[in-house]
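So the sequence shown is numbered by the working numbering: it starts at 540 and just counts up by one. Quick reminder that beta carbons are idealized off the backbone N, C-alpha and C, glycines included.
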Amino acid sequence: MSLTQVYLGLGSNIERERHLRAGLDALAGLLVDIRCSAVFESQPVGIKSGPFFNLVVSAYTDLALMELDRRLKLIEADNGRYAPDRKGLPLDIDVLLYGELVGNFDGLVLPRAEILKNAFVLWPLSLMAPDRMHPEAGKTMAHLWRDAHIDQVLAPVAFEWQGQQLTPSGLL
Numbered sequence: 540m541s542l543t544q545v546y547l548g549l550g551s552n553i554e555r556e557r558h559l560r561a562g563l564d565a566l567a568g569l570l571v572d573i574r575c576s577a578v579f580e581s582q583p584v585g586i587k588s589g590p591f592f593n594l595v596v597s598a599y600t601d602l603a604l605m606e607l608d609r610r611l612k613l614i615e616a617d618n619g620r621y622a623p624d625r626k627g628l629p630l631d632i633d634v635l636l637y638g639e640l641v642g643n644f645d646g647l648v649l650p651r652a653e654i655l656k657n658a659f660v661l662w663p664l665s666l667m668a669p670d671r672m673h674p675e676a677g678k679t680m681a682h683l684w685r686d687a688h689i690d691q692v693l694a695p696v697a698f699e700w701q702g703q704q705l706t707p708s709g710l711l
């Protein structure tokens, strides 16, 4: 069984702690060797809503890309993402990187453009995988973050999952 390293972006702006924990719990049953970044509070981008909690997850999977994406959508649905009466975004899970894949895969574009556009993706990714090369930009995540000129304010927040504090005290 061959495993592929994936990086996922998670976000929530409704009952943020509950939905992120539920998403992480579901991912723990789907993926291997999950590692989580610090959790950040950010203002919404592109929608009018309350602030989000965001983090990046690194893990390994034996699922093909499209099957992984399908299962992520099921996790989102289980958390009310597609409910007709929802008032915000309970849980959003995006594939940021899937191994070294680059391209458009049935509408899923990798690497995800948000890596370079949103601080709430790039900062946690740069902390988690500073030496990971962006497959198109040809620079490390740490280098991309250091040179980023993204006008978004992020604030690290205390967040615990499965008895582990995800945000180091040095960031708080």
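Point to revise | Endpoints, the alpha helix (DSSP H) within which PRO663 is located | key: 658-667
Practice item. Check ARG685 in the structure and name its three-state DSSP category. Key: helix
Check your understanding: Taking Cβ to Cβ, would you say PHE659 is nearer than 8 Å to SER581?
Key -> Going by C-beta atoms, PHE659 is nearer than 8 Å to SER581.
Point to revise | Through-space distance from SER576 to LEU640, alpha-carbon basis | key: 22 Å
Check your understanding: Taking the DSSP output, what are the residues bridged to ARG574?
Key -> SER597
Review point. Among residues of its own chain, excluding the 5 on either side of ASP631, which ones have a beta-carbon nearer than 6 Å to its beta-carbon?
Key: So the list reads GLY550, once near-sequence residues are dropped.
Practice item. Return helix, strand or coil for ASP617, following the three-state DSSP convention. Key: helix
Review point. Do you know offhand how far ASP608's Cα is from SER665's?
Key: Distance between the alpha carbons of ASP608 and SER665: 23 Å.
Check your understanding: CA-CA distance, LEU649 and TYR637?
Key -> Their Cα atoms are separated by approximately 7 Å.
Check your understanding: By a C-beta neighbour count over all protein chains shown, 10 Å radius and 16 as the cutoff for buried, is HIS755 buried or exposed?
Key -> The question about residue 755 has no answer, for the chain in this structure spans 540 to 711.
Review point. Would GLY646 be called buried (16 or more neighbouring beta carbons within 10 Å of its own) or exposed?
Key: exposed
Exercise for review: Using a threshold of 8 Å, state whether the C-beta atoms of ASP633 and ARG651 are closer than that.
Suggested key: yes
Practice item. Give a yes or no on contact between the segment 589-607 and the segment 560-573, applying the rule of three or more CB pairs nearer than 8 Å. Key: yes
Practice item. Taking only beta-carbon positions, decide if ALA697 is within less than 8 Å of chain C. Key: No chain C is present in this structure, which holds just one protein chain.
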